[in-house]
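Quick notes on the structure that follows.
In our numbering, the protein residues as written are 169 to 466.
Okay, structure coming up:
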């Protein structure tokens, strides 16, 4: 009777926990703030996208102008590359060097367009990621907290490495035409058919446009990749931790060693062990259902 009652209590706890988590969904789509990202597991990823014009942390109209400028400059960069390939006199080697930058820029434009269309889904996904990790920390102890810190450190380090790589490539590639071809008015990426205009500084404007837009949109392209990589890292860690909890779910065979002479006391002790294991099993089931719902959104 006592065991059955415990099962009902545990089942009710699982149901109430699921209902409470569903109530939080309505608040998940709000815009992030700068102070909120300071406590976020994906702080570095979000702030990289913020500085690249792809993730607003403010409702300021000026930031949306910046986002529009990044978007339009990237489109202009693609258009310049297309014009240079179609009407220019570049060799196959020059055209081949233009294509990686053009494809990276196009990928960034598409990813930015998806974000602008579904930005509230992105906000909800990040918040659910954090809640998924935090709820696991509340159930277990320091080992899980250490695992979350390790994953967070790895995700942060990889995002910073990607940004550093883009900065190094930009510092080397952008001034290269001025160093390798002095006086020939070469552009760092796509070459236009003619830039020798006296009234309008087409060459100078094109040079700045290609350098700035390529650098910014590369951070957008790889920034979203790093964001989803980090989210999947945290998801994989939660599955690993759930596996560890299930493996540690067992009854202690030595529960009654101190009370072997008292059969009733031994039975009571064994019942407590069964109740504790059952509660832990219910928590694992609840955790698994939460991970499944999260994975469906991802």
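Just so you know, even glycine gets a beta-carbon here, dropped at the ideal spot from N, CA and C.
Check residue i in the structure and name its three-state DSSP category.
i: residue 254; result: helix
i: residue 442; result: helix
i: residue 209; result: coil
i: residue 283; result: helix
i: residue 402; result: helix
i: residue 345; result: helix
i: residue 416; result: coil
i: residue 350; result: coil
i: residue 200; result: coil
i: residue 357; result: coil
i: residue 297; result: helix
i: residue 362; result: coil
i: residue 338; result: helix
i: residue 244; result: helix
i: residue 268; result: helix
i: residue 220; result: coil
i: residue 381; result: helix
i: residue 226; result: coil
i: residue 259; result: coil
i: residue 463; result: helix
i: residue 192; result: Confidence at residue 192 is low in this model, with a pLDDT of 46, below 50, so the placement of that residue should be treated as unreliable; the coordinate-derived value is given next. Here residue 192 sits in helix by DSSP.
Whose C-beta lies closer than 6 Å to the C-beta of residue i among residues of the same chain, with five residues either side of it excluded?
i: residue 190; result: A caution first: residue 190 carries a pLDDT of 44, below 50, which makes its placement in the model unreliable, though a value can still be read off. There are no such residues.
i: residue 385; result: 242, 273 and 276
i: residue 248; result: 358
i: residue 338; result: 383
i: residue 263; result: 253
For my contact list, residue i and residue j are in at a C-beta cut-off of 8 Å; report their separation, rounded to the angstrom.
i: residue 361; j: residue 341; result: Not confirmed; about 22 Å, so no contact.
i: residue 300; j: residue 462; result: 5 Å
i: residue 259; j: residue 391; result: That pair is no contact at about 33 Å.
i: residue 298; j: residue 374; result: Their Cβ separation, rounded to whole angstroms, is 43 Å, which puts residue 298 and residue 374 out of contact at 8 Å.
i: residue 273; j: residue 444; result: Residue 273 to residue 444, Cβ: 57 Å. No contact.
i: residue 464; j: residue 304; result: Not confirmed; about 18 Å, so no contact.
i: residue 218; j: residue 280; result: Not a contact, Cβ separation roughly 13 Å.
i: residue 214; j: residue 200; result: 7 Å
i: residue 401; j: residue 319; result: 5 Å
i: residue 387; j: residue 334; result: 6 Å
Apply the 10 Å Cβ neighbour rule to residue i and answer buried if 16 or more other Cβ atoms are within range, or exposed otherwise.
i: residue 223; result: buried
i: residue 395; result: buried
i: residue 429; result: Only weak support exists for where residue 429 lies, its pLDDT of 47 falling under 50; the value from the coordinates is given anyway. Exposed, by the Cβ-count rule.
i: residue 315; result: buried
i: residue 450; result: buried
i: residue 349; result: exposed
i: residue 347; result: exposed
i: residue 285; result: exposed
i: residue 317; result: exposed
Is residue i near the ligand NAP, with its Cβ less than 7 Å from a heavy atom?
i: residue 296; result: In the structure shown, the ligand NAP is absent, as is every other ligand, since no ligand is present at all.
Please return the same chain residues whose Cβ sits closer than 8 Å to the Cβ of residue i, not counting the five positions on each side in sequence.
i: residue 452; result: 410, 413, 414 and 417
i: residue 193; result: At residue 193 the pLDDT is 46, less than 50, meaning the model places this residue with poor confidence; the figure from the coordinates comes in the next sentence. Contacts found: 292.
i: residue 399; result: 210, 293, 294, 297 and 466
i: residue 468; result: In this structure the chain extends from 169 to 466, so residue 468 is not present and cannot be described.
Using C-beta distances below 7 Å, list every residue in its chain close to residue i, excluding the 5 sequence neighbours before and after it, in chain order.
i: residue 377; result: 241, 244 and 245
i: residue 234; result: 221
i: residue 205; result: 211, 214, 215 and 225
i: residue 354; result: 345
i: residue 328; result: 212
i: residue 389; result: 272, 275, 276 and 279
Starting from the Cα of residue i, find the closest Cα among the options and give me that residue.
i: residue 295; options: 403, 256 and 269; result: 403
i: residue 292; options: 196, 352, 234 and 201; result: 196
i: residue 251; options: 236, 237 and 270; result: 270
i: residue 287; options: 267, 198 and 350; result: 198
i: residue 352; options: 371, 284 and 265; result: 371
i: residue 236; options: 317, 283 and 302; result: 283
i: residue 393; options: 326, 321 and 454; result: 326
i: residue 330; options: 397, 408, 455 and 266; result: 397
Does the beta carbon of residue i sit closer than 8 Å to a beta carbon anywhere in chain D?
i: residue 248; result: Of the protein chains in the structure, only one exists, and it is not chain D.
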